[in-house]
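Residue 1 is where the sequence shown starts when you use UniProt numbering, and the numbers rise one by one after that. Worksheet: the structure to be examined is printed underneath.
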Amino acid sequence: MQAKKFTMVTPNQLDLSLAHLRQCSESSIKKMVSSLEKCGQLNPIIAAGDEKSFILVDGFKRQQAAVIIGMDKLSAQVLPLSKVNMKAYIYLLNRNDGFSFIEECLLIHELVEKDGLTQTEISVMLERHKSWVSRRLNIYRNLNSKVIDDIRTGLIPSGSGRSLAQLPQCNQVDFSAAILRDDLKVNEIKRLVNLWKKADSPESKRFVVEKSKKALELSQMDYVEKIDPRIPQSVRGWYKAVCNLRKNALILKQQSMKGFGAMNMETETILYQSLEKTDKESQEAISCAYASLQKEEKTNETRSKSSK
Numbered sequence: 001m002q003a004k005k006f007t008m009v010t011p012n013q014l015d016l017s018l019a020h021l022r023q024c025s026e027s028s029i030k031k032m033v034s035s036l037e038k039c040g041q042l043n044p045i046i047a048a049g050d051e052k053s054f055i056l057v058d059g060f061k062r063q064q065a066a067v068i069i070g071m072d073k074l075s076a077q078v079l080p081l082s083k084v085n086m087k088a089y090i091y092l093l094n095r096n097d098g099f100s101f102i103e104e105c106l107l108i109h110e111l112v113e114k115d116g117l118t119q120t121e122i123s124v125m126l127e128r129h130k131s132w133v134s135r136r137l138n139i140y141r142n143l144n145s146k147v148i149d150d151i152r153t154g155l156i157p158s159g160s161g162r163s164l165a166q167l168p169q170c171n172q173v174d175f176s177a178a179i180l181r182d183d184l185k186v187n188e189i190k191r192l193v194n195l196w197k198k199a200d201s202p203e204s205k206r207f208v209v210e211k212s213k214k215a216l217e218l219s220q221m222d223y224v225e226k227i228d229p230r231i232p233q234s235v236r237g238w239y240k241a242v243c244n245l246r247k248n249a250l251i252l253k254q255q256s257m258k259g260f261g262a263m264n265m266e267t268e269t270i271l272y273q274s275l276e277k278t279d280k281e282s283q284e285a286i287s288c289a290y291a292s293l294q295k296e297e298k299t300n301e302t303r304s305k306s307s308k
């Protein structure tokens, strides 16, 4: 490689044809504006090409901030790079400084589809294992373009792409809307996708998307009862029964709020009989449970007094 050289460039005349590979949030640009105003330019930007056209490779936030505050010149380090190597440098220079998962996916997809590189060539260029490249390429190919835009613009978490790619593309947009609506975090998105995949009916799948918080709450109930260390082994069966009763009560409430639609008199009679029987047995079970707890409480009080 030829020796590096430095020069001064005009911020608003740089070639930004690679800017789509490096997303800059408004907040990060505002911070850079403040930094340039207070401290000036601390590090040179990285560019490639010649004096006729310098292509920006690294320093997209500095470039945008410089344009905003009207800086005439920026210091630039110019490297003799091919177009493919420019793209690789965008990653290599930023992999330890907030290069997002979706940006990795986009870069790899572009190197394959636009530049014709093999996955092996990309793995060598980016200093990564081939499986790392393959996973990101497959995820990008499986994502709906609208979802990709939502991730890149920060509407939904960058890490959500891993989970959403497991869904049919036709369902991903609804999931993205649910994530935005309920402000779901990456771990919640992962759990929600798993719930959707396990759902055994269209109605259940729709419930997961439309009532995502409630679906997560219901699924968490089983999770909590299994791992809660405060519950002795001797009463975990009782505790699980209480949790399941509450979960089924919440499900019944949700189903009832949806309405029944058209039904004949015979069906209505069957439903009433089932509800009345369940109501009676549930109340008896809850009364029995309270009585057992109160009895245990009195026993513990007696033991406590005896020990004194």
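No residue lacks a Cβ here, since even glycine has one placed at the ideal position from N, Cα and C. Note that the coordinates shown come from a computational prediction; the quantities given were computed from them, not determined experimentally.
query                                                                                                            : result
Environment of Asn-244 [buried if 16+ CB atoms lie within 10 Å]                                                  : exposed
Candidates Leu-126, Asp-58, Leu-107: closest to Arg-141 by CA position                                           : Leu-107
Distance between beta carbons of Leu-79 and Ile-29, contact taken as under 8 Å                                   : Not confirmed; about 24 Å, so no contact.
Own chain partners of Ile-139 with C-beta closer than 8 Å, once the 5 adjacent residues on each side are dropped : Cys-105, Gly-161, Arg-162, Ala-165
Under the three-state DSSP convention, the category Met-71 falls into                                            : coil
Distance, Asp-72 Cα to Met-32 Cα                                                                                 : 16 Å
Cβ-heavy atom distance, Glu-296 to the ligand PLP, below 8 Å                                                     : Annotation note on the ligand PLP: not contained in the displayed structure, which lists no ligands.
Other residues of its chain near Gln-169: CB distance less than 6 Å, five sequence neighbours each side excluded : Asn-144
Close Cβ partners of Pro-157 (< 6 Å) along its chain, the five nearest in sequence each way excluded             : Val-186
Beta strand (DSSP E) segment containing Ile-231, residue limits                                                  : Element bounds for Ile-231: n/a, residue is neither H nor E.
Supposed close pair Leu-250, Leu-218 - CB separation, criterion 8 Å                                              : 6 Å
Which of helix, strand or coil DSSP assigns to Thr-299                                                           : helix
Local Cβ density within 10 Å of Ser-82, reported as buried at 16 or more and exposed below that                  : exposed
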